[in-house]
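Just below is one structure, and these are the notes that go with it.
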Amino acid sequence: MAETATPTDERVKEMSRLRLALMRPELGGMVGAVAVFTFFLLFAFDSGMFASQGIMNWTVVSAQFMIIAVGACLLMIAGEFDLSVGSMIGFAGMMIAVFGVVLAWPMWIAILITFAICVAIGALNGYIVIRTGLPSFIVTLAFLFILRGFTIYIPQTIERKTIIGGIREAAEGDWLAPIFGGKILTGFFQWLGDIGVLETFSRGSREGQPVVDGIPMLIVWALILVAFGHILLTRTRFGNWIYASGGDAEAARNSGVPVNRVKIAMFMFTAFCATVFALCQVMEFGSAGADRGLLKEFEAIIAVVIGGALLTGGYGSVIGAALGALIFGVVQQGLFFAGVESSLFRVFLGVILLGAVILNTYIRRMITGER
Amino acid sequence: MNTRSDHAPIVQMKNIEKHFGPVIALAGVSVDVYPGECHCLLGDNGAGKSTFIKTMSGVHKPTKGEILFEGRPMNFSTPRDAMDAGIATVHQHLAMIPLMSVARNFFMGNEPTKKIAGISFFDREFADRVTMEEMRKMGINLRGPDQAVGTLSGGERQTVAISRAVYFGAKVLILDEPTSALGVRQTSNVLATIDKVRKQGVAVVFITHNVRHALAVGDRFTVLNRGQTLGTAQRGQITPDELQDMMAGGQELATLEGSLGGTV
Ligand SMILES: Nc1ncnc2c1ncn2[C@@H]1O[C@H](COP(=O)(O)OP(=O)(O)OP(=O)(O)O)[C@@H](O)[C@H]1O
Ligand SMILES: [Mg+2]
Numbered sequence: 001m002a003e004t005a006t007p008t009d010e011r012v013k014e015m016s017r018l019r020l021a022l023m024r025p026e027l028g029g030m031v032g033a034v035a036v037f038t039f040f041l042l043f044a045f046d047s048g049m050f051a052s053q054g055i056m057n058w059t060v061v062s063a064q065f066m067i068i069a070v071g072a073c074l075l076m077i078a079g080e081f082d083l084s085v086g087s088m089i090g091f092a093g094m095m096i097a098v099f100g101v102v103l104a105w106p107m108w109i110a111i112l113i114t115f116a117i118c119v120a121i122g123a124l125n126g127y128i129v130i131r132t133g134l135p136s137f138i139v140t141l142a143f144l145f146i147l148r149g150f151t152i153y154i155p156q157t158i159e160r161k162t163i164i165g166g167i168r169e170a171a172e173g174d175w176l177a178p179i180f181g182g183k184i185l186t187g188f189f190q191w192l193g194d195i196g197v198l199e200t201f202s203r204g205s206r207e208g209q210p211v212v213d214g215i216p217m218l219i220v221w222a223l224i225l226v227a228f229g230h231i232l233l234t235r236t237r238f239g240n241w242i243y244a245s246g247g248d249a250e251a252a253r254n255s256g257v258p259v260n261r262v263k264i265a266m267f268m269f270t271a272f273c274a275t276v277f278a279l280c281q282v283m284e285f286g287s288a289g290a291d292r293g294l295l296k297e298f299e300a301i302i303a304v305v306i307g308g309a310l311l312t313g314g315y316g317s318v319i320g321a322a323l324g325a326l327i328f329g330v331v332q333q334g335l336f337f338a339g340v341e342s343s344l345f346r347v348f349l350g351v352i353l354l355g356a357v358i359l360n361t362y363i364r365r366m367i368t369g370e371r
Numbered sequence: 001m002n003t004r005s006d007h008a009p010i011v012q013m014k015n016i017e018k019h020f021g022p023v024i025a026l027a028g029v030s031v032d033v034y035p036g037e038c039h040c041l042l043g044d045n046g047a048g049k050s051t052f053i054k055t056m057s058g059v060h061k062p063t064k065g066e067i068l069f070e071g072r073p074m075n076f077s078t079p080r081d082a083m084d085a086g087i088a089t090v091h092q093h094l095a096m097i098p099l100m101s102v103a104r105n106f107f108m109g110n111e112p113t114k115k116i117a118g119i120s121f122f123d124r125e126f127a128d129r130v131t132m133e134e135m136r137k138m139g140i141n142l143r144g145p146d147q148a149v150g151t152l153s154g155g156e157r158q159t160v161a162i163s164r165a166v167y168f169g170a171k172v173l174i175l176d177e178p179t180s181a182l183g184v185r186q187t188s189n190v191l192a193t194i195d196k197v198r199k200q201g202v203a204v205v206f207i208t209h210n211v212r213h214a215l216a217v218g219d220r221f222t223v224l225n226r227g228q229t230l231g232t233a234q235r236g237q238i239t240p241d242e243l244q245d246m247m248a249g250g251q252e253l254a255t256l257e258g259s260l261g262g263t264v
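Protein sequence lines correspond, in order, to chains G and R. Just so we're aligned: 80 in UniProt numbering is position 80 of the first sequence, and the numbers increase by one with no gaps anywhere. Just so we're aligned: 226 in UniProt numbering is position 226 of the second sequence, and the numbers increase by one with no gaps anywhere.
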């Protein structure tokens with residue numbers, strides 16, 4: 001069998017390098033990120049955007065997007081959506097305030113219970129979708145309203161206002177709260193300030209302290225979640241099940257993939273990510289507001305789509321979604337630094353979303369060979 | 001042939017009924033499958049063949065009836081259970097995911113793992129290597145294990161599904177019209193593979209509409225018609241013409257054959 005000795009097929013060459021490169025889901029995100037950075041480096045370099053404080057500013061915003069994008073990404077690859085992410089963020093924050101401030105429970109208990117409640121709601125979302133066979137779009141749209149409604153109703157009923165403050169004080173001395181609200185490497189940043197690498201405040205109460213005094217846990221969470229999501233998706237058998245569940249649930253089931261479990265787990269993970277986001281946010285602001293997280297579900301989905309995932313499921317990349325979130329954060333804050341009217345950000349969003357979806361459709365056609 | 005009576009059937013399907021709402025797809029079908037035999041399931045379109053093998057592979061729960069696996073009552077509630085028991089299936093509508101790579105499809109639901117620092121990871125190296133090897137055995141040279149199934153031709157996809165089932169079908173291999181889209185070389189490869197695994201003691205359930213394929217490898221032939229068995233025949237006890245007749249449900253073919261000049 002001389003021909004089987006050389007496994008390469010003469011038809012290999014039909015696939016050009018470019019086409020192969022194009023077939024990576026992260027491509028759009030990479031090109032976009034490079035384009036966006038080039039643009040702002042050229043046009044907004046002196047705006048302070050690339051000074052240490054500026055960098056921290058858009059990094060934090062990007063990290064926020066990343067946290068919810070990872071959840072949305074895995075869920076979308078598993079073939080489902082969660083439109084209740086934004087409401088979940090508001091709801092989770094409010095739960096922290098109710099348990100930790102109004103009821104004055106120890107903050108770590110408030111945090112753990114909030115996680116339990118929110119992840120359970122995620123599971124309920126998934127369970128209803130699986131049980132009824134309804135599109136997750138509709139089911140989670142219902143939860144978008146249900147959760148937001150409670151988030152407004154609860155503080156109004158017990159405190160007669162829509163914002164509950166005092167969270168930072170309540171979290172003082174707690175062992176779990178700094179995991180969401182703290183900063184790491186503060187000593188290192190102080191040292192960087194001392195040796196003059198970082199700018200320091202020259203007057204005021206923080207004189208001598210570096211303008212950037214550490215890495216917020218929010219960023220650490222974003223990096224951990226991205227790494228976790230990426231490894232889970234590409235390196236584990238569960239990751240293969242995520243792709244399979246979203247690619248064709250029926251075929252996956254017939255091959256022995258526990259599709260229902262996979263999907264429900266991804267709804268729970270999405271809720272987990274939303275709760276992490278909410279916790280970091282309330283710890284930073286020190287308060288929970290009824291309108292927190294508004295429109296976040298769409299921003300997460302847009303970041304994921306920019307990152308190359310298909311809305312129809314079965315294809316996508318966590319790294320791509322993280323790049324989508326980075327593009328998002330850089331552009332949103334970059335326009336602010338460049339002094340551009342902020343409403344134009346929405347125009348940009350719409351345009352880039354449309355471009356990404358068109359590109360993705362083209363990529364899918366190339367992979368599946370459909371015309 | 002007589003050796004079969006020496007050992008017990010590996011799968012016994014007793015009076016299997018399957019209703020889909022008002023539709024009675026199976027109205028009490030009994031079939032025994034022995035290790036080392038190729039059992040052909042024949043019958044017209046809509047006879048219930050696919051439904052029958054789906055109850056065997058855990059996709060459908062029978063409405064009524066009993067399944068014995070290695071002599072014990074078996075309640076497969078998911079395809080996973082059947083697979084764990086050593087039953088692998090190539091479905092008529094292939095369980096393949098176009099957006100996923102060949103290797104990922106090949107091991108879908110059966111991913112090999114390796115432990116690194118106590119955590120088990122998907123062993124992609126192993127998956128890639130085995131996929132390429134198994135596909136080559138079937139006469140298909142892949143561009144690479146990460147090629148998406150969507151870019152394969154229909155026959156190539158079928159070959160992936162078959163080699164996957166052969167690879168995982170430790171005890172029972174169910175093939176639902178596996179050769180319907182295959183070329184000459186791939187078909188003879190599949191038939192040779194059926195012959196090979198049968199000799200290794202695997203029970204093969206083979207659904208086909210092609211008499212020559214059935215005769216080439218079949219030991220016994222069971223004919224389904226409108227959800228019921230018309231009977232089981234042994235190899236050697238039946239002529240190709242009779243088999244042909246049975247495959248069409250035993251009706252009308254004679255007249256048809258006349259009008260087509262004996263070409264059917
Ligand atoms: N999921 C289902 N829901 C309702 N009816 C079904 C379902 N699956 C099969 N049937 C019905 O059961 C009957 C048998 O179908 P089945 O697919 O088993 O036939 P088959 O013998 O495999 O035919 P073919 O040779 O065309 O593959 C058909 O009348 C079909 O319409
Ligand atoms: Mg069929």
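All C-beta atoms, glycine included, are put in the ideal place defined by N, C-alpha and C.
From G:Met30, G:Thr38, G:Val351 and G:Ser52, residue whose alpha carbon lies closest to that of Gly214 (chain G):
G:Ser52
First through last residue of the beta strand (DSSP E) which encompasses Phe201 (chain G):
Counting along the chain, Phe201 (chain G) falls outside any beta strand (DSSP E), and DSSP gives it neither H nor E.
Which whole-angstrom value describes the C-beta separation of Ser101 (chain R) and Met138 (chain R), a residue pair presumed to lie in contact below a C-beta threshold of 8 Å?
Not really, about 17 Å apart at Cβ, beyond 8 Å.
Just to check, is the beta-carbon of Lys49 (chain R) closer than 7 Å to a non-hydrogen atom of ligand 1?
Lys49 (chain R) Cβ: within cutoff of ligand 1.
When you compare the CB of Val257 (chain G) with every CB in chain R, is at least one pair closer than 8 Å?
yes
Three-state class that DSSP yields for Val351 (chain G) in the structure shown:
In this structure, DSSP gives Val351 (chain G) a helical state, which the three-state scheme calls helix.
Identify the contact partners of Ile367 (chain G) in chain C, using a Cβ-Cβ distance below 8 Å as the criterion.
Although the question refers to chain C, the structure presented lacks it and instead comprises the protein chains G and R.
What is the residue span of the alpha helix (DSSP H) that Phe76 (chain R) lies within?
Where Phe76 (chain R) is concerned, there is no enclosing alpha helix (DSSP H), given that its DSSP letter is neither H nor E.
Taking the beta strand (DSSP E) that Arg226 (chain R) falls in, what are its first and last residues?
Arg226 (chain R) -> no beta strand (DSSP E), and no H or E assigned at all.
Output the boundary residues of the alpha helix (DSSP H) element that contains residue 302 (chain R).
With chain R covering only 1 through 264, there is no way to say anything about residue 302 (chain R).
Report yes if the CB atom of Gly314 (chain G) is closer than 8 Å to the CB atom of Ile97 (chain R), and no otherwise.
yes
Within 10 angstroms of its Cβ, does Val12 (chain G) collect 16 or more other Cβ (buried), or is it exposed?
Per-residue confidence for Val12 (chain G) stands at a pLDDT of 47, beneath the threshold of 50, marking its modelled position as unreliable; no derived number is given.
Mapping DSSP to helix, strand and coil, what is Thr4 (chain G)?
Unreliable placement is indicated for Thr4 (chain G), whose pLDDT of 41 sits below 50; the coordinate value is still reported in the next sentence. If DSSP states are grouped into helix, strand and coil, Thr4 (chain G) belongs with the helices.
What residues match up with Thr89 (chain R) in a beta bridge as DSSP calls it?
R:Ile174
Rounded C-alpha distance that separates Gly208 (chain G) from Glu169 (chain G):
26 Å
Spatial neighbours of Val119 (chain G) within its chain, please: CB distance less than 6 Å, with the 5 preceding and 5 following residues excluded, ordered by chain position.
Met268, Ala271 and Phe272
Inter-residue CB distance, Arg235 (chain R) and Tyr243 (chain G) (contact presumed, cutoff 8 Å):
At roughly 43 Å, the Cβ-Cβ gap does not stay under 8 Å, so Arg235 (chain R) and Tyr243 (chain G) are not in contact.
Could you give the uninterrupted runs of the alpha helix (DSSP H) lying entirely in the region 121-209 of chain G, keeping only those of 4 residues or more?
Fully contained in the region 121-209 of chain G are the following alpha helix (DSSP H) runs of length 4 or more, in chain order: 136-159, 167-171, 178-181 and 186-194.
Name the chain R residues whose beta carbon is nearer than 7 Å to that of Arg235 (chain G)?
Phe121 and Phe122
Do Gln158 (chain R) and ligand 2 come close, with the Cβ less than 7 Å from some heavy atom?
no
So, is Ala116 (chain G) buried or exposed, given that buried needs 16 or more other C-beta atoms within 10 angstroms?
exposed
Tyr243 (chain G): contacting residues in chain R (beta-carbon distance under 8 Å):
Ile97, Leu99, Met100 and Arg104
Suppose the cutoff is 7 Å on Cβ atoms and the five residues either side in sequence are ignored; what does the same chain contact list for Phe107 (chain R) look like?
Ala127
Taking 6 Å as the limit between beta carbons, can you name the residues of its chain near Ala356 (chain G), skipping five residues before and five after?
Gly28, Val305 and Ile306
Apart from the five residues on each side of it in sequence, which residues of its chain come closer than 7 Å, Cβ to Cβ, to Val139 (chain G)?
Asn125, Ile128 and Val129
Apart from the five residues on each side of it in sequence, which residues of its chain come closer than 6 Å, Cβ to Cβ, to Ala63 (chain G)?
Leu218, Ile219 and Ala222
Quick one, which of R:Val31, R:Leu42 and R:His213 has its alpha-carbon nearest Met247 (chain R)'s?
R:Leu42
Leaving aside the five residues before and after His39 (chain R) along the sequence, list all residues of the same chain whose C-beta is less than 6 Å from its C-beta, in chain order.
For His39 (chain R), same chain residues with a beta-carbon under 6 Å away, outside a window of 5 residues either side, are Val33, Val205 and Arg220 in chain order.
Do Val90 (chain R) and Ala148 (chain R) come within 8 Å of each other at the CB atom, strictly closer than that value?
Taking the C-beta atoms as reference points, Val90 (chain R) is found no nearer than 8 Å to Ala148 (chain R).
Could you name the residues that DSSP lists as bridge partners for Leu26 (chain R)?
DSSP lists R:Lys18 as the bridge partner or partners of Leu26 (chain R).
Top-ranked residue by Cα proximity to Leu279 (chain G), from G:Phe145, G:Thr157 and G:Thr114:
Scanning G:Phe145, G:Thr157 and G:Thr114 for the CA closest to the CA of Leu279 (chain G) turns up G:Thr114.
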